[in-house]
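Student: If you count the sequence shown from 1, you need to add 255 to reach my numbering.
For every residue, glycine included, the Cβ atom is placed at its ideal position computed from N, Cα and C.
These numbers were taken from a predicted model, which means no experiment stands behind them.
Take a look at this one; I'll ask things after.
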Amino acid sequence: MKKTLFDKVWDAHVVESIPNGPSVLYIDKHLIHEVTSPQAFSELEERGLKVFRTERIVATADHNTPTKDQHLPIKDDMSRRQIEELTLNCEKNGITFYGLGHPYNGIVHVIAPELGITQPGMTIVCGDSHTSTHGAFGTIAFGIGTSQVAQVFASQCLLLEKPKSLRVNVNGTLKKGVTPKDVILYIIAKLGTNSGTGYFCEYAGDVFEEMSMEGRMTVCNMSIEMGARGGLIAPDETTYAYVEGREFAPKGAEFEKKKAYWDSLKTDEGAEFDKEYTIAAEEIGPMITYGTNPGMGIKITDSLPKSDDASAEKALAYMGFTGKQSLLGQQINYVFIGSCTNSRIEDFRQVADYIKGKTKAGNITALIVPGSQQVVKQIEAEGLEKIFTDAGFEIREPGCSACLAMNEDKIPAGEYCVSTSNRNFEGRQGPGARTILASPLTAAAIAIEGKIIDYTQNLN
């Protein structure tokens, strides 16, 4: 029987399966952070259980960490207590923990790939919905709830119903200025936020084959925003070149042996999917969102669709927009470039390339928040820091930051923020904040102009 990439990775991890029922799936890597793990550790203690395979778990602090003065004690009581609890739980259970100040600290979905913890063919879980990011390597990676975190702690397995399969094909040549973020925002806007519900999505076609690993991570990161349990892309030479040589990646003969296996994971020719979509790359343009879910997106040059229901009206009212309006010329006051979607070195290189020699508009507060300490080092080593500061951008220390405003990085009520993060829900960046999702390139261009513009005509 011909199999999909998802089938092959799934079948290789099934410990036991009930006919027409759920499967017990072995989990290769369990990533944890300070927000969703404390209750799971408590549950284990209450039941008198121990963490089964500590070497399969990696912890970091990221969600509510400050992005200023990380060397000082955390001022916020809740944040400080959560990180102290994670530190203690990791020490008690012998779990590797990259806390604040550690050279490997950063956003969980940034550090695992850059350290070579994420490898093709794995199953990876984390108490965080954007775990789908790791699917860029051809892994089955998905977010789990707190009770499931405890289940993995105790058994290194999960009881799961197998999701259906979905494939999104994008072929052709992307237009100038169209980035991976635009590709996934276009897919979600076109297919809808419920199109992937109940499915695991494979992205296929020459657009993804030619995309960098960091671009693939951006795409897979947002799979959850179209309702999919996760997204994945077949591993290839681009994947192997990214993984090889990283701190925890296999080395030498072991790497070559793994590579031969990873090569066998591609979807078989003729394998069938439960649902399939095909999109022409030429359809896609630089995208922005205008509403309060990631599916409410348009090309930057388009006008808003006419609102046709109460939900859409409510979203437009929250954002201060009206149906059929163009957003070109809309004044913006905040730009946030960071998050697990777009805080990797490739994102900052793109921003620096656009803003070099320019200065941000006077009405703009522009935040650069790297995804990890290693990205910070790359920014410094490549001289990007001076470009950002010369342009008036403020560089912060790594963390989730204004993506979800669990620390002090909040957007004031009523203000518009162009954000490279993944969610534009009401209050996501702070009570009353209005979030417009976009690519790092679009965010950079808007920071320079202080308003939404069509910058594509000026690109080299």
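#1: Would you tell me roughly how many angstroms separate the C-alpha atoms of I312 and C672, rounded to the nearest one?
#2: Taking contact to mean 3 or more Cβ pairs, one atom from each stretch, closer than 8 Å, check whether the region 571–588 and the region 285–304 are in contact.
#3: DSSP on Y589, reduced to helix/strand/coil?
#4: Okay, do the region 444–458 and the region 412–427 touch, 3+ Cβ pairs below 8 Å being the bar?
#5: Using 10 angstroms around the beta-carbon of D602, count the other beta-carbons present and answer buried if the total reaches 16, otherwise exposed.
#6: Kindly list the residues whose CB is nearer than 6 Å to the CB of D383, restricted to its own chain and excluding five residues on each side of it in sequence; keep chain order.
#7: Kindly indicate which three-state DSSP category C345 falls into: helix, strand or coil?
#8: Measure the alpha-carbon distance for N319 versus D523 and round it to whole angstroms.
#9: Tell me whether the beta-carbon of F408 lies closer than 9 Å to the beta-carbon of H288.
#10: Exposed or buried, what is G303 when buried is set at 16 or more other beta-carbons lying within 10 Å of its beta-carbon?
#11: Helix, strand or coil: which one does DSSP assign to I488?
#12: Can you give me the Cβ contacts of T556 inside the same chain, cut-off strictly under 6 Å, excluding the 5 residues immediately before and after it?
#13: Between the C-alpha atoms of A699 and I610, what's the straight-line distance to the nearest angstrom?
#14: Hey, how far is the Cα of P375 from the Cα of D645?
#15: Whose CA, out of T428, D331 and A316, lies closest to the CA of E663?
#16: Taking 9 Å as the CB-CB limit, is A504 close to chain C?
#17: Below 9 Å between beta carbons: does that hold for K569 and T547?
#18: In its own chain, which residues sit with a C-beta less than 6 Å from the C-beta of V462, not counting the 5 before and 5 after it?
#19: Scan the region 392–417 and note each continuous beta strand (DSSP E) run of 3 residues or more that stays entirely inside, going in chain order.
#20: Using a Cβ distance threshold of 8 Å, determine whether the region 580–598 contacts the region 616–625, with at least three qualifying pairs required.
#21: According to DSSP, is H385 part of a helix, a strand, or is it coil?
#22: Work out the CA separation of F680 and L659 for me, nearest whole Å.
#23: Considering Cα atoms alone, identify which of G393, A508, L415 and L355 is closest to S278.
#24: Which term fits D324, buried or exposed, when burial requires 16 or more other beta carbons within 10 angstroms of its beta carbon?
#25: Return yes when the Cβ of S450 is within less than 9 Å of the Cβ of G390, no when it is not.
#26: Of the choices P358, T386 and G354, whose alpha-carbon is the least far from that of D317?
#27: Just to confirm my understanding: we take A489, look at its own chain, exclude 5 residues before and 5 after, and list those with CB closer than 6 Å. What are they?
#28: Hey, how far is the Cα of K514 from the Cα of D563?
#29: Give the C-beta separation of E652 and T322 to the nearest angstrom, bearing in mind that I take them to be a contact with Cβ-Cβ under 8 Å.
#30: For H268, which residues from the same chain have a beta carbon less than 7 Å from its beta carbon, with the 5 sequence-adjacent residues on both sides left out?
#31: Answer with buried or exposed for Q628, where buried requires no fewer than 16 other C-beta atoms within 10 angstroms of its C-beta.
#32: Is it true that the CB of T386 sits closer than 9 Å to the CB of V380?
#33: Which residues in the same chain as P418 place their Cβ atom closer than 7 Å to its Cβ, once the five residues preceding and following it in sequence are excluded?
#34: DSSP on Y458, reduced to helix/strand/coil?
#35: With distances taken from CA atoms, which of T342, Y589 and E649 is nearest A688?
#36: For the alpha helix (DSSP H) holding V433, just list the boundary residues, first then last.
Tutor: Quick look at the numbers:
#1: Numbered from 1 along the sequence shown, position 57 holds the residue referred to as residue 312. Numbered from 1 along the sequence shown, position 417 holds the residue referred to as residue 672. Separation of I312 and C672 (C-alpha to C-alpha, rounded to the nearest whole angstrom) is 35 Å.
#2: Result no; under three Cβ-Cβ pairs closer than 8 Å.
#3: Here residue 589 is taken as the residue at index 334 of the sequence shown, counted from 1. Under the three-state reduction of DSSP output, Y589 falls in the strand class.
#4: Counting Cβ pairs under 8 Å, three or more are found: they touch.
#5: Residue 602 sits at position 347 when you count from the first residue of the sequence shown. The residue in question, D602, is buried, as its Cβ has 16 or more Cβ neighbours within 10 Å.
#6: Within the sequence shown, numbered from 1, the residue matching residue 383 stands at position 128. These residues qualify, in order along the chain: G398.
#7: Translated into the one-based positions of the sequence shown, residue 345 becomes position 90. Collapsing the DSSP output to three states places C345 in a helix.
#8: In the sequence shown, residue 319 corresponds to position 64, counting from 1. In the sequence shown, residue 523 corresponds to position 268, counting from 1. In a straight line, the C-alpha of N319 is about 43 Å away from that of D523.
#9: The residue labelled residue 408 in the question sits at position 153 within the sequence shown. The residue labelled residue 288 in the question sits at position 33 within the sequence shown. No.
#10: As a working mapping, residue 303 is identified with position 48 in the sequence shown. Taking all protein chains shown into account, G303 has fewer than 16 neighbouring C-beta atoms within 10 Å of its C-beta and is therefore exposed.
#11: By 1-based counting over the sequence shown, the position of residue 488 is 233. Of the three classes helix, strand and coil, the one that applies to I488 here is coil, per DSSP.
#12: Translated into positions along the sequence shown, residue 556 becomes position 301. Here the set comprises D709.
#13: What you label residue 699 is simply residue 444 of the sequence shown in a count that begins at 1. What you label residue 610 is simply residue 355 of the sequence shown in a count that begins at 1. One C-alpha to the other measures close to 7 Å.
#14: Along the sequence shown, read from residue 1 onward, the residue named residue 375 stands at position 120. Along the sequence shown, read from residue 1 onward, the residue named residue 645 stands at position 390. Taking the straight line joining both Cα atoms gives about 40 Å.
#15: Translated into positions along the sequence shown, residue 663 becomes position 408. Among T428, D331 and A316, the Cα nearest to that of E663 is on D331.
#16: The question asks about chain C, but that chain is absent: this structure has only one protein chain.
#17: Walking along the sequence shown from the start, residue 569 turns up at place 314. Walking along the sequence shown from the start, residue 547 turns up at place 292. Yes, Cβ-Cβ distance for K569 and T547 is below 9 Å.
#18: In the sequence shown, counting from the first residue as 1, residue 462 sits at position 207. Excluding positions up to five away in sequence, the list reads V425 and A536.
#19: Scanning the region 392–417 for uninterrupted beta strand (DSSP E) segments of 3 residues or longer gives 395–398 and 412–415, listed from N- to C-terminal end.
#20: The answer is yes - the region 616–625 touches the region 580–598, with three or more Cβ pairs under 8 Å.
#21: Residue 385 sits at position 130 when you count from the first residue of the sequence shown. Residue state for H385 is assigned as helix, using DSSP reduced to three classes.
#22: Start at 1 with the first residue of the sequence shown, and residue 659 comes out as number 404. Start at 1 with the first residue of the sequence shown, and residue 680 comes out as number 425. C-alpha separation (whole angstroms): 10 Å.
#23: Counting from 1 along the sequence shown, the entry for residue 278 is found at position 23. Here the closest residue by C-alpha is L415.
#24: By 1-based counting over the sequence shown, the position of residue 324 is 69. The C-beta of D324 has fewer than 16 other C-beta atoms within 10 Å across all chains shown, which makes the residue exposed.
#25: Residue 390 sits at position 135 when you count from the first residue of the sequence shown. Residue 450 sits at position 195 when you count from the first residue of the sequence shown. Not a contact, by the Cβ cut-off of 9 Å.
#26: Position 62 of the sequence shown, counted from the first residue, corresponds to residue 317. When each option's Cα is compared against that of D317, the closest is G354.
#27: Taking the first residue of the sequence shown as 1, we reach residue 489 at position 234. Once the five neighbours on either side are set aside, the close Cβ partners of A489 are L260, G393 and K521.
#28: If you number the sequence shown from 1, residue 514 lands on position 259. If you number the sequence shown from 1, residue 563 lands on position 308. Annotation: K514 to D563 spans about 51 Å, alpha carbon to alpha carbon.
#29: By 1-based counting over the sequence shown, the position of residue 652 is 397. By 1-based counting over the sequence shown, the position of residue 322 is 67. Taking 8 Å as the upper bound for CB-CB distance, E652 and T322 are in contact here, some 5 Å apart.
#30: The residue labelled residue 268 in the question sits at position 13 within the sequence shown. Cβ within range, chain order: L280, Y281 and T378.
#31: Translated into positions along the sequence shown, residue 628 becomes position 373. Classification for Q628: buried.
#32: Reading the sequence shown from its first residue, position 125 is the one you call residue 380. Reading the sequence shown from its first residue, position 131 is the one you call residue 386. Yes, they are a contact pair.
#33: Indexing the sequence shown from 1 puts residue 418 at position 163. Counting only Cβ-Cβ distances below 7 Å, and skipping sequence neighbours, we find G453, Y454, F455 and R484.
#34: The sequence position of residue 458 within the sequence shown is 203, counting from 1. Residue state, collapsed to three classes: strand.
#35: Your numbering for residue 688 matches position 433 in the sequence shown. Here the closest residue by C-alpha is Y589.
#36: One-based indexing of the sequence shown puts residue 433 at position 178. According to the DSSP assignment, V433 belongs to no alpha helix (DSSP H), since it is labelled neither H nor E.
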